[in-house]
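S.K.: Residues in the sequence shown are numbered from 439 upward in steps of one, following our numbering.
I am attaching a structure below and will ask some questions about it afterwards.
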Amino acid sequence: MTYLPWHQANWQQLSQRWNTLPHAILLSGQQGIGKLAFAGYLAQALLCERPLAEHHACGLCTACLFVAQHTHPDCMVVQPESEEGNARKLLQIKVDAIRNILAFAQLSSHQGGKRVVVIEPAEALNTQAANALLKVLEEPPENVVFVLVSHHSDRLLPTVLSRLQTVHLSTPSPDQAMAYLQQQGMAASS
Numbered sequence: 439m440t441y442l443p444w445h446q447a448n449w450q451q452l453s454q455r456w457n458t459l460p461h462a463i464l465l466s467g468q469q470g471i472g473k474l475a476f477a478g479y480l481a482q483a484l485l486c487e488r489p490l491a492e493h494h495a496c497g498l499c500t501a502c503l504f505v506a507q508h509t510h511p512d513c514m515v516v517q518p519e520s521e522e523g524n525a526r527k528l529l530q531i532k533v534d535a536i537r538n539i540l541a542f543a544q545l546s547s548h549q550g551g552k553r554v555v556v557i558e559p560a561e562a563l564n565t566q567a568a569n570a571l572l573k574v575l576e577e578p579p580e581n582v583v584f585v586l587v588s589h590h591s592d593r594l595l596p597t598v599l600s601r602l603q604t605v606h607l608s609t610p611s612p613d614q615a616m617a618y619l620q621q622q623g624m625a626a627s628s
């Protein structure tokens with residue numbers, strides 16, 4: 439699990455303030471630039487048992503492997519539920535998902551460290567869910583880090599937005615994107 443090359447400066451900024459990271463972070467930026475990958479890597483780094491320099495995840499410890507396999511008991515990812523047979527209905531994160539987060543946040547950590555909740559995309563929170571999340575953001579449980587991912591942060595409730603520290607993730611230049619695609623074998627070289 440890793441972030442994309444054009445997010446190196448974003449990682450360095452977070453790394454420099456690692457010991458004072460807030461309990462709630464909003465990763466914002468254009469859709470398709472790798473925000474969810476960055477959120478996954480951040481979760482992995484927060485839970486890593488043997489972090490490397492600049493707080494990078496080692497990628498080899500039990501915690502890192504569990505996060506990479508989406509099975510870490512101290513990491514919860516919340517995304518909109520799809521409704522079978524109704525493709526036209528907007529996907530939403532509903533209040534029941536936030537109640538599950540609240541129950542998760544009140545538990546003791548399985549690994550004795552932090553717990554991480556990733557919500558993606560945050561703008562999918564319906565009003566009831568956003569208000570329920572606001573309550574937990576106002577009085578955050580100890581050692582729980584909320585990472586919200588948003589393509590359209592202007593669609594979040596202002597009260598929720600005010601409780602988050604925003605990290606605007608970089609958009610790759612055309613040259614960076616092409617170089618990455620070529621490195622991945624997904625673009626023809628010129």
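The beta-carbon is built from N, C-alpha and C at its ideal position, and this holds for glycine as well.
1) With respect to the beta strand (DSSP E) encompassing R553, which residues constitute its N-terminal and C-terminal limits?
2) Tell me, please, which residues DSSP counts as bridged to H606.
3) With a CB to CB cut of under 6 Å and the five nearest residues on each side skipped, what residues in its chain are close to V515?
4) So K552 and L484 are in contact, right, with Cβ under 8 Å, and what is the actual spacing, rounded?
5) Okay, do the region 443-455 and the region 598-613 touch, 3+ Cβ pairs below 8 Å being the bar?
6) If you follow the beta strand (DSSP E) that C513 is in, where does it begin and where does it stop?
7) Alpha carbon to alpha carbon, how far is F584 from Q507? Give it in angstroms, no decimals.
8) Consult DSSP for I531 and reduce its assignment to one of helix, strand or coil.
9) Closest to P518 by C-alpha separation, out of T509, L529 and P511, would be which residue?
10) At the level of alpha carbons, what is the spacing between A535 and A567?
11) Check for me: the beta strand (DSSP E) holding L586 runs from which residue to which?
12) Looking at the strands, I want to know which residues DSSP matches up with L563.
13) Could you give the C-beta distance for C496 and L490, rounded to a whole number, given that I count them as a contact under 8 Å?
M.R.: In brief:
1) Boundaries of the beta strand (DSSP E) around R553: R553 to I557.
2) S466
3) V556
4) 5 Å
5) yes
6) C513 to V516
7) 20 Å
8) strand
9) L529
10) 8 Å
11) V582 to S588
12) I531
13) Taking a contact as a CB-CB distance under 8 Å, the pair C496 and L490 counts as one, their CB atoms being some 6 Å apart.
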